Amino acid sequence: MEDKLIIAGHEFNSRFILGSGKFDLDLINAAVKNAGAEIITLAVRRVNSFTGNILDHIPEGVTLLPNTSGARNAEEAVKIAKLAREAGCGDFIKIEVIHDSKYLLPDNYETAKACEMLAKDGFIPMPYMYPDLYAARDMKNAGAAAIMPLAAPIGSNQGLSTKQFIRILIEEIDLPIIVDAGIGKPSQACEAMEMGASAIMANTAIATAGNIVQMAEAFKNAIIAGRLAYLAGTGRVLDKASASSPLTGFIAD
Amino acid sequence: MRGEKMAKINGEDFNEKITVGEYLKKAGYSAVRVAVMVNGEILPKNDYDSTEIKPDDEVEIVGFVGGG
Numbered sequence: 528m529e530d531k532l533i534i535a536g537h538e539f540n541s542r543f544i545l546g547s548g549k550f551d552l553d554l555i556n557a558a559v560k561n562a563g564a565e566i567i568t569l570a571v572r573r574v575n576s577f578t579g580n581i582l583d584h585i586p587e588g589v590t591l592l593p594n595t596s597g598a599r600n601a602e603e604a605v606k607i608a609k610l611a612r613e614a615g616c617g618d619f620i621k622i623e624v625i626h627d628s629k630y631l632l633p634d635n636y637e638t639a640k641a642c643e644m645l646a647k648d649g650f651i652p653m654p655y656m657y658p659d660l661y662a663a664r665d666m667k668n669a670g671a672a673a674i675m676p677l678a679a680p681i682g683s684n685q686g687l688s689t690k691q692f693i694r695i696l697i698e699e700i701d702l703p704i705i706v707d708a709g710i711g712k713p714s715q716a717c718e719a720m721e722m723g724a725s726a727i728m729a730n731t732a733i734a735t736a737g738n739i740v741q742m743a744e745a746f747k748n749a750i751i752a753g754r755l756a757y758l759a760g761t762g763r764v765l766d767k768a769s770a771s772s773p774l775t776g777f778i779a780d
Numbered sequence: 582m583r584g585e586k587m588a589k590i591n592g593e594d595f596n597e598k599i600t601v602g603e604y605l606k607k608a609g610y611s612a613v614r615v616a617v618m619v620n621g622e623i624l625p626k627n628d629y630d631s632t633e634i635k636p637d638d639e640v641e642i643v644g645f646v647g648g649g
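Quick mapping for you: the protein sequence lines, in order, are chains A and B. Residue numbers for the first sequence follow the numbering used here, beginning at 528 and rising by one. Residue numbers for the second sequence follow the numbering used here, beginning at 582 and rising by one.
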């Protein structure tokens, strides 16, 4: 049976969205390939013509997901999204509205507003958010194509510290829930997938690993394993033992 | 020259009388991979060749960089 990630009607085989920040440009191609990623995030910034262009290092056919990092309110997010579209990035946009420089936590209210403005303008909004049920509902009603709750502060590698709240979103919100930010290890990505997350977005965990390309592959495999476990349905948990081997037919002394 | 108004491109002073399209070509940009903002407004690609950079204009040339 085919098991695809579907975002606003677009189908993806991979459930691993790779961030492209903090990478040596020369490693991006191999990291994307080893990650099996079909979506990669990018930022929009002032550029000059003499440093390398990141687009030259991303394999063909990979969907570009620009973010609105740098935006401090909804209006700025909309402007960055429009610049990204003008620069040839298509309609997918990861909305990121942040005005706290210590923990980089997203402003859910401004994010929901940006979602509405961008959806009306034909974008496919994928809001990065703090896992709050009401905010997620607002974003869905505003036209979000997926919800991207944070596991922990951006770049912290702390892991799934908001696990129980992401679980609520998975249960209650009928959109792909993509765990974004804070995932530090493949085991944590696997855990999120086991509980039913639709995909994982990771960047720092790979970019700061000892061997970047190997870690990209480790994440890929962990995400596949977690997804399979979710589809299979994990076994029950008991307080006491339950013998795995038959309790009859013992060999006589 | 003192007192002369200067345009700014990505924060740097600029005072040549050329169009956005000519500037991009001269500076080695690929026009399809950037977006240009003039005084806070996005300039459509079709207008690059007909838009001259005027003194006092604030021009921003943006594109994609690594990000999460």
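No residue lacks a Cβ here, since even glycine has one placed at the ideal position from N, Cα and C. Quantities reported herein were computed from a predicted structural model and do not represent experimental measurements.
Item: Give a yes or no on whether 8 Å exceeds the smallest Cβ distance from A608(B) to chain A.; Value: yes
Item: Give every residue of the same chain whose Cβ lies closer than 8 Å to the Cβ of E643(A), excluding the five residues on either side of it in the sequence, and list them in chain order.; Value: A669, G670
Item: Can you name, in chain order, every residue of its own chain whose Cβ lies under 7 Å from the Cβ of H626(A), other than the five neighbours on each side?; Value: R599, D634
Item: Looking at K560(A) and P586(A), is the spacing between their C-beta atoms short of 8 Å?; Value: yes
Item: Expressed to the nearest angstrom, what Euclidean distance is found between the alpha-carbon atoms of A588(B) and V619(B)?; Value: 10 Å
Item: In chain A, what lies closer than 9 Å to E633(B) by C-beta?; Value: Correct list: empty, because the minimum Cβ distance to chain A is about 20 Å.
Item: Using the C-alpha atoms, what's the distance from S771(A) back to A779(A)?; Value: 20 Å
Item: For the segment 674–751 of chain A, list the alpha helix (DSSP H) runs that are entirely contained and at least 4 residues long, ordered along the chain.; Value: 690–699, 713–721, 731–734
Item: Using the Cα positions of M720(A) and I620(A), report the straight-line distance between them to the nearest angstrom.; Value: 23 Å
Item: Check whether the Cβ atoms of K667(A) and I700(A) lie closer than 8 Å to each other.; Value: yes
Item: Where L631(A) and P680(A) are concerned, what is the direct C-alpha to C-alpha distance, given to the nearest angstrom?; Value: 7 Å
Item: Measure from the C-beta of V605(A) to each C-beta in chain B and report whether the shortest distance is under 8 Å.; Value: no
Item: To test your reading of the DSSP string, which unbroken beta strand (DSSP E) runs of 3 or more residues are found completely within the segment 602–638 of chain B?; Value: 616–619, 622–624
Item: Assuming A743(A) and V706(A) are in contact, meaning their beta carbons sit under 8 Å apart, how far apart are those beta carbons, in whole angstroms?; Value: With 8 Å as the limit, A743(A) and V706(A) do not qualify as a contact, their Cβ atoms being about 17 Å apart.
Item: At 3 residues or longer, and completely inside the segment 584–659 of chain A: list those beta strand (DSSP E) runs for me, N to C.; Value: 590–593, 619–622, 651–656
Item: For F539(A), which residues in the same chain have their Cβ closer than 7 Å to its Cβ, ignoring the five residues on either side in sequence?; Value: K531, L532, E565, I566
Item: Given a threshold of 16 other Cβ atoms within 10 Å of its Cβ, counted over all protein chains shown, does G762(A) qualify as buried or as exposed?; Value: exposed
Item: As a quick exercise: from Y655(A), F550(A), Y757(A), pick the residue whose alpha carbon is nearest that of A672(A).; Value: Y655(A)
Item: Give the residues from the segment 656–688 of chain A that approach chain B closer than 8 Å (Cβ to any Cβ), ordered along the chain.; Value: I681, G682
Item: Go ahead and pull the three-state DSSP assignment for I533(A).; Value: strand
Item: Please return the same chain residues whose Cβ sits closer than 6 Å to the Cβ of K549(A), not counting the five positions on each side in sequence.; Value: A734
Item: For S596(A), which residues of its own chain have a beta-carbon under 6 Å away from its beta-carbon, when the five flanking residues on both sides are left out?; Value: A570, E623
Item: Please classify N730(A) as buried or exposed, where buried requires at least 16 neighbouring CB atoms within 10 angstroms.; Value: buried
Item: Sorted by chain position, which residues of the same chain lie with C-beta nearer than 7 Å to K635(B)'s C-beta, five sequence neighbours on each side aside?; Value: A588
Item: Could you tell me the boundaries of the beta strand (DSSP E) in which V559(A) lies?; Value: That residue, V559(A), is in no beta strand (DSSP E); its alpha helix (DSSP H) goes 552–562.
Item: Roughly how many whole angstroms lie between the Cα atoms of K747(A) and K607(B)?; Value: 43 Å
Item: Could you tell me whether any Cβ in chain B is nearer than 8 Å to the Cβ of T568(A)?; Value: yes
Item: What's the C-alpha gap between K586(B) and I599(B)?; Value: 15 Å
Item: To the nearest whole angstrom, what separates the beta carbons of G649(B) and G546(A), a pair I think is in contact under 8 Å?; Value: 3 Å
Item: Taking C-alpha atoms, which residue in I544(A), D583(A), L610(A), L774(A) lies nearest to M675(A)?; Value: I544(A)
Item: Name, in chain order, the residues that DSSP records as bridge partners for A479(A).; Value: Not covered by the structure: residue 479(A). The range shown for chain A is 528 to 780.
Item: For K690(A), which residues of its own chain have a beta-carbon under 8 Å away from its beta-carbon, when the five flanking residues on both sides are left out?; Value: A678, E718, A719, M722
Item: Using a Cβ-Cβ cutoff of less than 7 Å, which residues in the same chain neighbour P652(A) once the five nearest sequence positions on both sides are dropped?; Value: I620, I622, C642, L645, A646, G670, A671, A672
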